[in-house]
Amino acid sequence: MMQPLLITQGDPTGVGPEIILKALLAGTFDALRRPLVVAGDVAILRQAAAIYGQSCEIAPGEGLATHRLRLGERELGVAALSKLDPLRLKYGAPDAACGQAMLDYIEWACARCLAGEAAGIITAPINKAAIRAAGGDFPGHTELLAARCAVEKVVMMLAGERLRVALVTTHLALREVPSALTTESLLQTLRITHAHLQRFFALPKPRLAVLALNPHAGESGLFGDEETRIIAPAIAAAQAEGLAADGPHSADSLFHFASQGSHDAVICMYHDQGLIPLKLLHFDDAVNLTLGLPIVRTSVDHGTAYDLAGSGRASHASLAAAVRLAAQMADQIS
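Numbering-wise, the UniProt record's numbering puts 236 at position 236 of the sequence shown, and it's gapless, one number per residue.
Next up, the structure:
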């Protein structure tokens with residue numbers, strides 16, 4: 001049997017549990033060659049099944065799955081890592097116990113991948129405040145996984161069928177971005193993105209478009225000098241190493257061509273520069289990837305969606321795309 005993919009359940013009071021089961025009921029996982037195991041909580045998943053008018057049959061599992069969850073004709077493995085009481089929880093209000101459970105799901109899944117027992121992780125959304133309440137000192141998935149994998153530098157990529165964007169800086173105030181950009185940080189981003197696309201996407205020489213920071217690529221210094229002072233030297237260094245990187249490109253036009261296949265990924269200087277066009281094209285089916293880890297990790301490209309939790313109306317499209325992409329990536333290195 002092929003190594004399983006692990007889905008971490010995420011926040012028990014968010015949409016994670018219900019979109020996992022919604023995807024199962026929709027037959028999203030039927031074509032997968034690899035088994036799936038949810039790192040989560042049987043009682044929470046049973047509660048999620050009730051949202052869709054389904055009753056769960058629970059049976060003993062095997063391998064990494066302590067239980068088998070059956071909904072109609074479909075089954076899903078579950079590694080029961082917490083025993084929360086759904087009656088004491090309220091959608092959108094995770095407590096410290098929920099935070100600890102979220103941490104446990106991620107830690108367990110990461111450890112299984114590092115031990116060679118699983119092929120990759122797909123993460124459902126978490127609540128960072130609840131994790132802090134549980135004593136976790138990591139602001140999110142990325143930082144926790146990087147620490148557990150002993151990796152100093154990782155890159156956030158968002159991917160869809162038509163566009164991939166990788167970010168040099170992530171969650172910063174816009175005024176802080178120029179001072180955070182360095183030639184070395186951009187060069188590291190280019191190296192990691194290049195290596196990841198080679199390893200997991202079977203692209204022998206990925207074409208990387210590097211964006212400018214300023215309008216019209218600085219207009220020869222009229223609108224800023226980061227292009228000549230920081231970005232162009234990083235591109236030149238990357239090219240000297242054999243990377244197919246070009247730019248700096250003006251962001252107002254490059255995405256049109258990238259979405260039509262001119263490049264394999266666009267390197268963006270800040271969060272919204274990349275995510276606005278990405279979500280315009282792939283609002284429902286984008287996937288979040290962490291580049292630079294020694295393991296496969298994909299994620300849904302949305303949060304806990306407390307306004308939809310418990311309603312059954314949350315879309316499972318991003319989760320389905322994240323599972324499919326994780327499976328494709330795992331197959332590339334198996």
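Glycine residues also receive a C-beta, built at the ideal position from the N, C-alpha and C atoms. Quick caveat, the model's predicted, so the values are computed rather than measured.
- For Ala79, DSSP records a beta bridge to Ala39.
- In terms of Cβ geometry, Ala23 and Ala320 form a close pair [threshold 9 Å].
- Between Arg70 and Phe29, the gap from beta carbon to beta carbon reaches 9 Å or more.
- A check of alpha carbon separations from Leu308 across Met2, Ile19, Gly10 and Ala245 identifies Ile19 as the nearest.
- Here the alpha carbon of Ile106 sits roughly 23 Å from the alpha carbon of Ala166.
- For Ala258, the uninterrupted alpha helix (DSSP H) segment begins and ends at Ala251 to Ala258.
- Taking the CA atoms as reference points, Pro35 sits about 11 Å from Glu62.
- Sorting Tyr270, Lys279, Ala322 and Thr13 by C-alpha distance to the C-alpha of Glu176 places Tyr270 at the top.
- Contiguous alpha helix (DSSP H) elements confined to the stretch 239-321 occur at 251-258 and 271-282, taking only those with 4 or more residues.
- Runs of the alpha helix (DSSP H) lying entirely within the stretch 97-166, each at least 4 residues long, are 128-133 and 141-148 in chain order.
- Judged by beta-carbon spacing, Gln47 lies beyond the 9 Å limit of Arg199, meaning their Cβ atoms are not closer than that value.
- Bridge partners of His67 according to DSSP: Pro60 and Val78.
- Counting only residues of its own chain and dropping the five nearest sequence neighbours on each side, Thr142 has a CB closer than 7 Å to the CB of Val154, Met156 and Thr290.
- The Cβ neighbour count for Gly310, taken over all protein chains shown within 10 Å, is at least 16; the residue is labelled buried.
- Sixteen is the threshold: since fewer than 16 other Cβ atoms of the shown chains lie within 10 Å of the Cβ of His256, the residue is exposed.
- The beta-bridge partner set that DSSP reports for Arg207 consists of Ala244.
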